[in-house]
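*Asks:* The structure's right below; bear with me while I get my questions together.
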Amino acid sequence: MVLSKNIASFEVFIVGRILIGFSAGFGATVGPIYVNEIAPLRVRGSLGACFQLFVAFAVLLAQILGLDIILGRQHLWNYLFAIPIIFSVLQCTLLMFTHETPAFLLQKKRRRAATRALKWFRREKSDDDIQEEIHEMEAHVRNMQTNATKISIRVLWSKPLLRKCILILIMTHVAQHFTGGYVIFFFGDVILTRANLKVEYASYAMLSNGIAYLAVAISLIFIVDKIGRRSLLLYGLIGMAATSCVIGVTILKSGNIPLYHMIFLEIFAMMAHVSFSAMGPSSIPWLLSTDMFLQPERVYASAIAIVVNWLSMFFVLMTFVPLFVSKNNFLSTEAFINETNHRRDKTSHTNESTITLIFSLAVSIFALGGMIGGLFGGFITDRFGRKGGMLLNNIVSVLSCVLMFISKPVYSYEALIVGRFFLGLSCGYGSSVAPTYINEVSPRNLRGTLGAAFQLGVVVSLFLSQGISLNSVLGSENTWHYALALPIVFSIMQVVLLLFVPETPKYLLIKRNDLPAAEKALQWLRKHPHVQHEISEMQEEQRQHQHSARMVDLFFTPTVRWALFITVFLQLSQQFSGINAVIYYSTVIFQSAGFTKQVAQYANLGLGGTNVLVTVISVFLMDRLGRRLLHLTGIGGMFITSLLLVISLVVQSTPFWNKISLIMTILFIAFFGIGPGSIPWLITAELFTHAYSVPASSIAVLVNWSANFIVGLGFKPLFTGLLHQYTFVLFTGLLLIFFLLTFFFVPETKAKTVDAIYAEINAGRVWSKRQPQSQYHHNRSSGSDNVGSTVNYENLA
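Counting from 1, position 581 in the sequence shown corresponds to residue 581 in the UniProt record's numbering; the numbering is continuous, with no gaps.
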């Protein structure tokens, strides 16, 4: 993507977008699986929430770097695309120092490696505890071998209990994108500009979204295992619904209320919406992906979740005309395309339809790459492991950044397009593997907290990109390619850091059957030599499922099928919440509300800051309040704010309603950060066992990015040409649907084994306070640190 500007080739940019989408899609599959397989049960939610925490951080970072004063200028935008190279290199470096999951190693019959890995992960535990955990993993592996059934998506879908889990997983991942959280986050500047905020200020105002999102993502780490996944998801959906209403009102009446009132109200609404999204819909689905499935099913369940998630994202992006972060960035890209064509055929001006086509392709191909990355993420994760997959993913990220960076110097928008595709590949795979890794390495009591960290990283990146895309930073015509190159820094950082961390114990034990490595990794993660209890649970999971599941197997096991359903609609709730529409077009929305272009840009930056702030908070809340509660809160808050946003947009005739629109936009993003921003990825990693987690994550990524693509493609035509201020009515209705689906189908996965989650799903009343009858209820209620599951899959059909 960096190269595309230098060689004046949009084709290169599109290919880069595809590749980065592939990387992100695969990362979304393998990440949560890795975390889930190495995490003790008591912190599994907290560690799984870290996935969303990093997402929030990435969002905030992207917002900052995307400011005009950093890398948002026309001549620096390709450098912005190169930034992921840093994180890819960093991840590759760090992965060299980590272990494969003990569960995977035991599955591959590498007991010694599994033991080493478990010891590495559980450094604080004694050797006896490590051996006990290894024995439990081995027992689980033996149980899977005894009940040997070749896992595939078809097998998962054939079992009623698993089918329910798949449906829940799908629902949560769909909710992640269709709740409007990302629409608010990426298009908040559009809302602010519609509220008469200057475009140059909207980008900075959007930083508040990133800050709020990051704050919620951080808090989610500490509350997810205390409040529960279900409660967080419900709270997030409710909050997002409320903030959506406020945002709608501010946009509607921005012209009838004093400008300064409307600006503050709209920014506050966006911050709240993003915060509620981070609380539940954005993080809980990824936790459910690993919470609800055993080790053999988790791969395929995660693959399904990833596919659904990225399909949702793809839909969102295709629905909204892509403008990156703000209108200014589109103008810089327009000039780049014109200059490229002029150098080639001396054409004085490229017609608007051609520019729109090229730009839409460059942006949309990112989601396409994400879908592909998530779709094939399961194979890469199973073949090379969670850590190995992340290391390889950084190579793709670096390549995408190089292509985007050179696109301007060589005057090639083709390079930009290719780079965007590769970046999509990287992001798609990353959104799969990262939550998986977090879930597999997290203790049960911290699984939600750490899982929310994934979304935190996302929102921090978005916030940073908003900041650097400002004209005063790197958003000018001459510096935009520098902003695109910044991910190189984080890729390098990730590579370096990965050298010091182990592979997930679950992967080492269950997949590679390397018990010593799994024990060593678990001991390192737990900082304790006594990890035998967790190892025993992994072995029990390995016995139940000797072979890795295929994606089609997710649809033939009833419970896994339900988990996949939950994963899909959670991923859809993230993209169809409207968050991407707000994030992508926030500056335009603010301008439509009466703000100047400059004010709208800074307001958009404030939205990114809000997103980061709320995501940081949600990280601490994830293992305290639970995934379900945070997601419900986020979706509910987004519903209310979306409704108010519609009203404000319709009746905006005074500065007061302009402020209402601004506040609702901020609240919308804040509620997104509470739930939809992180919960879908977190739950996706928690809903599936090791065998199903990878394919389930792949499906989740595919659904998420597909929904993102649809929203991105359709928002602009709907907002400017058809529905205008009533566009968010669609998101409001979807948020209500996702809230109801979450309330009735999404179980709480906080500090629970997969069998406990499946038992709750089979009970048919996930909203009930009663405890499902399970032989492991006592261990779960006692707050055990152990991960894994001992579900007898003969009973799941």
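Just so you know, even glycine gets a beta-carbon here, dropped at the ideal spot from N, CA and C. All values reported here derive from a predicted model rather than from experimental measurement.
#1: Expressed to the nearest angstrom, what Euclidean distance is found between the alpha-carbon atoms of residue 492 and residue 88?
#2: Is it buried or exposed for residue 743, if we count other Cβ within 10 angstroms and need 16 for buried?
#3: Tell me, please, whether the segment 1-12 touches the segment 476-483 by the rule of three or more beta-carbon pairs shorter than 8 Å.
#4: If we ignore side chains and look at the alpha-carbon of each, how far apart do residue 440 and residue 643 end up?
#5: Does DSSP classify residue 750 as helix, strand or coil?
#6: What would DSSP say about residue 855, mapped onto helix, strand or coil?
#7: Is it the case that the Cβ atoms of residue 221 and residue 622 are separated by a distance below 8 Å?
#8: Under a Cβ-count criterion, where at least 16 other Cβ atoms within 10 Å of its own Cβ denotes burial, should residue 354 be classed as buried or exposed?
#9: For the putative contact between residue 741 and residue 569, defined by C-beta atoms under 8 Å, what is the C-beta separation to the nearest angstrom?
#10: Which residues bound the beta strand (DSSP E) around residue 512?
#11: If you check the beta carbons only, do residue 681 and residue 286 fall under 8 Å apart?
#12: Thinking just about the alpha-carbon of each residue, which of 341, 474, 430 is nearest to the one in residue 405?
#13: Just to confirm my understanding: we take residue 157, look at its own chain, exclude 5 residues before and 5 after, and list those with CB closer than 8 Å. What are they?
#14: Assign residue 111 to buried or exposed, taking buried as 16 or more other Cβ atoms, counted over all protein chains shown, within 10 Å of its Cβ.
#15: Could you check which residue in 700, 734, 208 has the C-alpha nearest to that of residue 711?
#16: Determine the DSSP secondary structure at residue 324, reduced to helix, strand or coil.
#17: In chain order, which beta strand (DSSP E) runs of at least 3 residues are fully inside the segment 420-456?
#18: Around the Cβ of residue 597, are there at least 16 other Cβ atoms within 10 angstroms (buried) or fewer (exposed)?
#19: Could you check if residue 122 is buried or exposed, using at least 16 other CB atoms within 10 Å of its CB as the buried criterion?
#20: Nearest CA to the CA of residue 507: which residue from 242, 462, 381?
#21: Spatial neighbours of residue 343 within its chain, please: C-beta separation below 7 Å, excluding the five flanking residues on both sides.
#22: Helix, strand or coil for residue 760, going by three-state DSSP, please let me know.
#23: Suppose you measure from the CA of residue 364 to the CA of residue 17; what does that come to, to the nearest Å?
#24: Using 8 Å as the Cβ pair cut-off and three pairs as the minimum, do the segment 64-78 and the segment 213-233 touch?
#25: With a CB to CB cut of under 7 Å and the five nearest residues on each side skipped, what residues in its chain are close to residue 472?
#26: Mind pulling the beta strand (DSSP E) runs of 3 or more residues that sit fully within the segment 460-499?
#27: Pick out the complete alpha helix (DSSP H) segments inside the segment 617-658, 4 residues or longer, and give them in chain order.
#28: How many whole angstroms separate the CB atoms of residue 671 and residue 272, which I take to be in contact at a CB cut-off of 8 Å?
#29: Ends of the alpha helix (DSSP H) at residue 378?
#30: Can you give me the C-alpha to C-alpha distance between residue 325 and residue 192, rounded to a whole angstrom?
#31: Contact check, residue 176 vs residue 391 under 8 Å by CB: the rounded distance?
#32: So, are the CB atoms of residue 55 and residue 605 less than 8 Å apart?
#33: Below 8 Å on the Cβ atoms is my contact criterion, and I expect residue 753 with residue 37 to pass it. Report the Cβ-Cβ distance as a whole number of Å.
#34: Among 311, 100, 124, which has the Cα closest to the Cα of residue 113?
#35: Run through DSSP, which three-state label would residue 362 get?
#36: Using CA coordinates, which residue listed in 197, 748, 527, 666 is at the minimum distance from residue 624?
*Replies:* Considering the structure as presented:
#1: Spanning the two alpha carbons is a distance of roughly 5 Å.
#2: Looking at its Cβ environment, which holds 16 or more other Cβ atoms inside 10 Å, residue 743 is buried.
#3: Yes: at least three Cβ pairs fall under 8 Å.
#4: Spanning the alpha carbons of residue 440 and residue 643 requires a straight line of approximately 38 Å.
#5: Residue 750: coil per DSSP, three-state reduction.
#6: Nothing can be reported for residue 855, as the shown portion of the chain is limited to 1 through 797.
#7: Closer than 8 Å, so yes.
#8: Residue environment for residue 354: exposed (fewer than 16 other C-beta atoms within 10 angstroms of its C-beta).
#9: About 5 Å separates the beta carbon of residue 741 from that of residue 569, a gap short enough to meet the 8 Å contact definition.
#10: From DSSP, the beta strand (DSSP E) with residue 512 extends over 511-513.
#11: Yes.
#12: The shortest C-alpha separation from residue 405 is found at 474.
#13: Excluding residues within five positions, the ones whose Cβ falls inside 8 Å are 163, 166, 552, 553, 554, 555, 556, 557, 558, 560, 561, 564.
#14: Residue 111 is buried by the Cβ-count criterion.
#15: Of 700, 734, 208, the residue nearest in Cα terms is 734.
#16: Only weak support exists for where residue 324 lies, its pLDDT of 32 falling under 50; the value from the coordinates is given anyway. Of the three classes helix, strand and coil, the one that applies to residue 324 here is coil, per DSSP.
#17: Listed in chain order, they are 444-446.
#18: The residue is buried, with at least 16 neighbouring Cβ atoms inside 10 Å.
#19: Buried: at least 16 other Cβ atoms inside 10 Å.
#20: When each option's Cα is compared against that of residue 507, the closest is 381.
#21: Sequence-distant partners of residue 343 (beyond 5 residues in either direction) whose C-beta falls short of 7 Å from its own C-beta, in its chain, are 8, 411.
#22: Of the three classes helix, strand and coil, the one that applies to residue 760 here is helix, per DSSP.
#23: Residue 17 has its alpha-carbon roughly 8 Å from the corresponding atom of residue 364.
#24: Two segments are said to touch when three or more pairs of C-beta atoms, one from each, lie closer than 8 Å; by this definition the segment 64-78 does not touch the segment 213-233.
#25: Cβ within range, chain order: 67, 68, 69.
#26: Within the segment 460-499, no complete beta strand (DSSP E) run reaches 3 residues.
#27: Counting whole runs of 4 or more residues, the segment 617-658 contains the alpha helix (DSSP H) stretches 627-651.
#28: So it is a contact: roughly 5 Å between Cβ atoms.
#29: Note, residue 378: alpha helix (DSSP H), 377-406.
#30: Confidence in residue 325 is poor, its pLDDT being 37 and thus under 50, which makes the residue's placement unreliable; the coordinate value appears in the next sentence. Rounded to whole angstroms, residue 325 to residue 192 spans 13 Å at the Cα level.
#31: The C-beta distance from residue 176 to residue 391 rounds to 27 Å, too long to fall under 8 Å, and the pair is not in contact.
#32: Not closer than 8 Å, so no.
#33: Contact doesn't hold; Cβ gap of about 13 Å is too wide.
#34: Taking each of 311, 100, 124 in turn and checking the Cα distance to residue 113, the smallest one comes out for 100.
#35: It is helical.
#36: That would be 748, whose Cα lies nearest to the Cα of residue 624.
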